[in-house]
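Under the numbering used here, the first residue of the sequence shown carries the number 1, and numbering increases by one thereafter.
All C-beta atoms, glycine included, are put in the ideal place defined by N, C-alpha and C.
Working notes, structure below.
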Amino acid sequence: MTADHTTSIPIPDATIPRRTLCTGLAATFALPFVGPAQATPLSELTLYGPPAGPSIILAYAVGAGLLGKVADKVSFKVWRTPDEMRAGLTSGNMQAVVMPVTAAANLHTRGLGVRLANVMTNGLLYVISTDPSISSFADLKGRKITVPFPSDTPELVFRAALDKNGLSAGTDVELDLAGSPIEAIQMLLSGRIDTAVVPEPAATAAMVKAAASGKEIHRVIDMQAEWGKITGLGPSMPQAGLALSSTFIEEHGDKIEPLLGALSKAAATVNASPSQAASHTAAALELPWPVIEKSIPFSNLVATRAHDARPAIDALLQAIARTQPKMIGGRMPDDGFYL
């Protein structure tokens, strides 16, 4: 999907650099306003997000005009691949980006000046299948499961869940890696595969499209619940959040609180009124509003300050560090990661 769409606020023309993924977080229990004080809003600001649930919050905040104290002109654009997202941050073209927490941690520990401001979803991964008999990981034995974004959060979380359930990837379960959730659901709808791990709103989109053609795709396993079994912290997986570049923090530090406050307000409205949220965001996300509306209850959307979510974030990053330390930059992020 493309990203040059807004709802009620115009989007300035800009190119999004290409490809990448990962997420990271770190905490500083007080917000440092190191930038020059500004009494007036910025002239313009572009927020970037993935084609997934958290972007509903961004697009709604933009479309509903909640960011007037942050910038006079606000736009929202979708980054389409992890590499594109990382390239945008490292080049400086993107300064306020929703991304996987693991990706943010990676960029921070590598010294690229990225800090996590908040968490915007407590998990939106699901196993979906054309086979309704699947209800647990035990039912996946002997099957081929398609997972998007190789060597990233979906694959690593799924592998961890396999281990927790006594299953081995490659022996008990065959992993088929897809480049993106869209690719995975296209394969599912065409009958080339029967089971996949995908995020919202891709899961809902697959189910809606299947129903329109007389087929059925079922939501069979909640990966948040499976992750809770691994961590012991309940069915919560802080999968993505808003990361800010050091440039944004230094130059526009006084805009961080208004920005996070607006996103918190947007998240509350989105969860309370999915239909209203869908009407404001369908054009920006290039998805039918029924898909957005139906996906919101399964997206676990929040706007929790990064330092408040740190225990759950650390659990995710520590699990990844045990198997794929390079994914988070070789070590756990320091306290400065968490705004």
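Residue i (DSSP reduced to helix, strand or coil)
{"i": "Asp139", "result": "helix"}
{"i": "Leu339", "result": "coil"}
{"i": "Glu305", "result": "For the record, residue 305 in the displayed sequence is Arg; it is not Glu. Three-state result, Arg305: strand."}
{"i": "Asp83", "result": "helix"}
{"i": "Met1", "result": "Note on Met1: pLDDT 40, under 50, position unreliable in the model; the coordinate value appears next. Of the three classes helix, strand and coil, the one that applies to Met1 here is coil, per DSSP."}
{"i": "Asp334", "result": "coil"}
{"i": "Met99", "result": "strand"}
{"i": "Ala117", "result": "coil"}
{"i": "Phe149", "result": "coil"}
{"i": "Ala26", "result": "Below a pLDDT of 50, predicted positions are generally treated as unreliable, and Ala26, at 29, falls in that range; the measurement from the model is reported next regardless. Ala26 falls in the coil class under three-state DSSP."}
{"i": "Gly382", "result": "It is not possible to answer for residue 382, since the shown part of the chain is limited to 1 through 339."}
{"i": "Glu286", "result": "coil"}
{"i": "Asp194", "result": "coil"}
{"i": "Leu89", "result": "helix"}
{"i": "Ser245", "result": "strand"}
{"i": "Gly133", "result": "The sequence as given places Ser at residue 133; Gly does not occur at that position. Here Ser133 sits in coil by DSSP."}
{"i": "Asn300", "result": "coil"}
Close beta carbons around residue i, own chain, < 7 Å, minus the five adjacent residues each side
{"i": "Val376", "result": "Outside the modelled stretch of the chain, which goes from 1 to 339, sits residue 376, for which no answer is possible."}
{"i": "Trp368", "result": "What is shown of the chain runs 1 to 339, which leaves residue 368 out entirely."}
{"i": "Leu189", "result": "Ala206, Lys209 and Ala210"}
{"i": "Val302", "result": "Val119, Met120, Thr121, Asn122 and Ala267"}
{"i": "Ser236", "result": "Asn122, Gly123, Gln224, Gly228 and Ala312"}
{"i": "Ala184", "result": "Thr146, Pro148, Ala178, Ala196 and Val198"}
{"i": "Val291", "result": "Pro201, Thr204, Ala205 and Val208"}
Endpoints, alpha helix (DSSP H) assigned at residue i
{"i": "Ser264", "result": "Ile256 to Ala272"}
{"i": "Glu183", "result": "Pro181 to Leu189"}
{"i": "Val291", "result": "Trp289 to Ser295"}
{"i": "Asp314", "result": "Arg310 to Thr323"}
Residues near residue i in its chain [Cβ-Cβ closer than 6 Å; skip 5 each side]
{"i": "Leu67", "result": "Ala61, Val74 and Ala262"}
{"i": "Leu42", "result": "Ala71"}
{"i": "Val127", "result": "Val197, Val220 and Ile221"}
{"i": "Ser295", "result": "Glu200, Pro201 and Thr204"}
{"i": "Glu293", "result": "Pro274, Ser275 and Ala278"}
Own chain partners of residue i with C-beta closer than 8 Å, once the 5 adjacent residues on each side are dropped
{"i": "Asp131", "result": "Asp194, Thr195, His218 and Val220"}
{"i": "Gly92", "result": "Ser245 and Thr247"}
{"i": "Leu112", "result": "Leu89 and Thr90"}
{"i": "Arg331", "result": "Thr109, Ala321 and Pro325"}
Presumed contact (8 Å Cβ cut-off) between residue i and residue j, rounded CB distance
{"i": "Leu287", "j": "Ala205", "result": "7 Å"}
{"i": "Val101", "j": "Leu316", "result": "6 Å"}
{"i": "Asn300", "j": "Gln224", "result": "7 Å"}
{"i": "Ile57", "j": "Met99", "result": "At roughly 14 Å, the Cβ-Cβ gap does not stay under 8 Å, so Ile57 and Met99 are not in contact."}
{"i": "Pro238", "j": "Asn106", "result": "Incorrect: roughly 15 Å between the Cβ atoms, too far for contact."}
{"i": "Pro148", "j": "Ala169", "result": "Contact flag wrong, Cβ pair sits at about 15 Å."}
{"i": "Gly49", "j": "Ser55", "result": "3 Å"}
{"i": "Ile320", "j": "Leu175", "result": "Incorrect: roughly 17 Å between the Cβ atoms, too far for contact."}
{"i": "Lys164", "j": "Ile249", "result": "The pair is not a contact, with the Cβ atoms about 37 Å apart (cut-off 8 Å)."}
Residue range of the beta strand (DSSP E) that includes residue i
{"i": "Ile128", "result": "Leu125 to Ser129"}
{"i": "Asp172", "result": "Asp172 -> no beta strand (DSSP E), and no H or E assigned at all."}
{"i": "Lys342", "result": "Outside the modelled stretch of the chain, which goes from 1 to 339, sits residue 342, for which no answer is possible."}
Beta carbon proximity, residue i to chain B, threshold 8 Å
{"i": "Gly241", "result": "Structure shown: chain B not included; a single protein chain is present."}
heavy atom of the ligand FAD below 7 Å from residue i C-beta
{"i": "Ser213", "result": "Of the ligands one can find in the structure shown there are none, so the ligand FAD has no counterpart to examine."}
Exercise. Can you list, in chain order, the stretches of the alpha helix (DSSP H) that have 4 or more residues and sit fully within the region 36-69?
Worked result: Complete alpha helix (DSSP H) runs here, min 4: 54-63.
Problem set entry | Inside the region 199-237 only - alpha helix (DSSP H) runs reaching at least 4 residues | Runs found: 202-212 and 223-231.
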